[in-house]
Ligand code: AMP
Ligand code: ZN
């Protein structure tokens, strides 16, 4: 196996070999279920989906854990405001998360542990850290991790030690991960009346309270891989770059201080941000879109995946309607290609086609093995579509090899549109669009598809006047416009033959 992945710990791309040949334990920090996840969050989950799918496609058995953070400052605050018990309050957001990830075709993880279901392992972990002298109970009844007792602290994030030790008098008790503070962090928070009010407090030998966010991931990961495989080191741990510090640094400190192992995960993978208008997409800044916004606007998930995978996961990706428009056109082209291949006469593939297939298989694997280079894998797919279309134009037949290439691309990238493209013929790139409908039928269809894309974008931008104008324009040119879950459809009325 030749898969290589960028390990944040070493800051280099290293050959990936799991601890036990053929089997991978993979933990990804999942959503905090206090609200709907935005598509920035989903960019990270899509990167993890690609990693998951590629490991599986490479023949590995993957035990994939994605946790649900259902107890933290934000979920407690939300439950308190709603006057609902915590467990009940978060259910709607857990359901929404699963609905949204299914819409985006994100495959099921092996398990989705909820923090509140792992309170006992969390308590045991805190007790062990107190026993080992690396954690202490403070006057406020909370338990803190003493980073001064853990010399390896800061290895992952490579923070300056001076910075870490500065101003140690003030302790951090918030578990908001954007917090830029490197001092002792909380493991267990003493129960407050607000926690009690929503059922977010548990008895423990060191005092009644609730787990800190960092502790949750360590305890769930160790409990699950320990129970299933009897190991205490993960093969892969992933998340967004904002989790490197302090979240993952703290996970390492707690886990390693407890297990005595030199590492908590052998590979640390971090996905870059999705930005909107150049700023990190975030609830805090208000510059976000949710997956439901996209679904409600009829955006095809294949196009969203294409947009995300067009950028390597370690590069920032700025969301724009323009990029989405291009991704729609690209996904539609691939859909037309897939439909054409499936409908083409079956038979032996010609030499030219066999060459294109071999090039695709080679380049696709090389690209993904090279630290999940999805833009290059997509280029290989578009290359195959171009070459194969040419061969089919020349009257070539389709065999199992070409069909299996499409299955591989569906299995791993899954960027094809849902269902079958309604209109065939050339897709029109947006800026070639005229206001006037072209006279010949073929170009009229492409014109309508192009405007359907613009209608979608207008709706996304909440420019309903423009969306209505486009609908009227399409209708007067003889098309029916339907906004469906699977995409904006334009269907020609049968008036002109
Ligand atoms: P949260 O629900 O806030 O705990 O975040 C869930 C995941 O989304 C984490 O892996 C974060 O690193 C990631 N994340 C948060 N904001 C963004 C963003 N703008 N772009 C990409 N990933 C993000
Ligand atoms: Zn985590």
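Numbering (our numbering), first residue to last: 53 to 549.
C-beta: ideal position from N, C-alpha, C; glycine also.
Predicted model only: the values in this text are computed from it and were never measured.
Can you tell me where the alpha helix (DSSP H) holding residue i begins and where it ends?
i	result
residue 273	265-281
residue 397	No alpha helix (DSSP H) contains residue 397, which DSSP labels as neither H nor E.
residue 108	91-109
residue 141	138-155
residue 357	353-361
residue 84	Per DSSP, residue 84 belongs to no alpha helix (DSSP H) and is neither H nor E.
residue 178	171-183
residue 344	343-348
Using a Cβ-Cβ cutoff of less than 6 Å, which residues in the same chain neighbour residue i once the five nearest sequence positions on both sides are dropped?
i	result
residue 603	Here the chain has residues from 53 to 549 only, and residue 603 is not among them.
residue 319	57, 59, 288
residue 416	429, 432
residue 290	80, 100, 321
residue 332	325
If we ignore side chains and look at the alpha-carbon of each, how far apart do residue i and residue j end up?
i	j	result
residue 48	residue 315	No answer is possible for residue 48: the residues shown for the chain start at 53 and end at 549.
residue 232	residue 265	Confidence is the limiting factor: at residue 232 the pLDDT is only 32, short of 50, which leaves the residue's position unreliable, though a coordinate-based value still follows. So the alpha carbons of these two residues sit roughly 15 Å apart.
residue 501	residue 351	13 Å
residue 159	residue 106	12 Å
residue 3	residue 292	Examination of residue 3 is not possible in this model, given that the chain is present from 53 through 549 alone.
residue 325	residue 407	38 Å
residue 405	residue 83	44 Å
residue 243	residue 250	11 Å
residue 463	residue 378	22 Å
residue 369	residue 149	22 Å
residue 496	residue 485	11 Å
residue 381	residue 124	41 Å
residue 450	residue 209	51 Å
residue 230	residue 109	Because residue 230 sits at a pLDDT of 30, beneath the cut-off of 50, its placement in the model cannot be relied upon, and the following sentence gives the value as read from the coordinates. Looking at the two C-alpha atoms, the distance is approximately 35 Å.
residue 395	residue 428	27 Å
residue 476	residue 305	The predicted position of residue 476 is uncertain, since its pLDDT is 32 and thus under 50; a value taken from the coordinates is nonetheless stated next. Straight-line Cα distance between these residues: approximately 57 Å.
residue 434	residue 386	7 Å
residue 534	residue 544	11 Å
residue 399	residue 453	11 Å
residue 221	residue 245	Interpretation of residue 221 is limited by its pLDDT of 37, a score under 50 that renders its predicted location unreliable; the figure taken from the coordinates is listed afterwards. When rounded, the distance between both Cα atoms is 26 Å.
residue 309	residue 164	25 Å
residue 467	residue 490	30 Å
residue 455	residue 446	18 Å
residue 347	residue 460	25 Å
residue 102	residue 465	7 Å
residue 271	residue 295	17 Å
residue 499	residue 523	13 Å
Considering only residues of the same chain and omitting the five flanking positions on each side of residue i, which have a CB-CB separation below 8 Å?
i	result
residue 64	58
Apart from the five residues on each side of it in sequence, which residues of its chain come closer than 7 Å, Cβ to Cβ, to residue i?
i	result
residue 402	443, 448
residue 198	186, 187, 188, 236
residue 67	56
residue 425	364, 419
residue 508	349, 350, 351, 540
residue 275	170, 173
residue 519	507, 510, 511
residue 196	187, 188, 190, 223, 236, 237, 238, 239
residue 458	390, 393
Is the closest heavy atom of the ligand ATP to the C-beta of residue i under 8 Å?
i	result
residue 334	As presented, the structure is devoid of the ligand ATP, carrying the ligand AMP and the ligand ZN as its sole ligands.
Use the C-beta contact count for residue i: other C-beta atoms within 10 angstroms, 16 or more gives buried, fewer gives exposed.
i	result
residue 72	exposed
residue 140	exposed
residue 516	exposed
residue 227	Confidence is the limiting factor: at residue 227 the pLDDT is only 47, short of 50, which leaves the residue's position unreliable, though a coordinate-based value still follows. Residue 227 comes out buried.
residue 313	exposed
residue 488	exposed
residue 206	buried
residue 354	buried
residue 337	exposed
residue 356	buried
residue 257	exposed
residue 532	exposed
residue 298	buried
residue 307	buried
Can you name the start and end residues of the beta strand (DSSP E) that residue i belongs to?
i	result
residue 321	317-323
residue 67	64-67
residue 113	113-118
residue 291	286-292
residue 75	75-80
residue 49	Because the chain here runs from 53 to 549, residue 49 falls outside it and cannot be looked at.
residue 239	237-242
residue 369	369-371
residue 464	Note, residue 464: premise wrong, no beta strand (DSSP E); alpha helix (DSSP H) at 452-464.
residue 327	326-328
Please report whether the beta-carbon of residue i lies at a distance below 9 Å from any beta-carbon of chain D.
i	result
residue 378	Among the chains of the structure shown, chain D does not appear; only one protein chain is present.
(request) Would you check if the segment 272-290 and the segment 152-160 touch, i.e. whether three or more CB-CB distances between them fall below 8 Å? (result) no
(message) Quick test of the definition: if touching needs 3 or more C-beta pairs under 8 Å, does the segment 114-131 touch the segment 60-77?
(response) yes
(request) Please determine if the segment 89-97 and the segment 125-134 are in contact, where contact requires at least 3 C-beta pairs separated by less than 8 Å. (result) no
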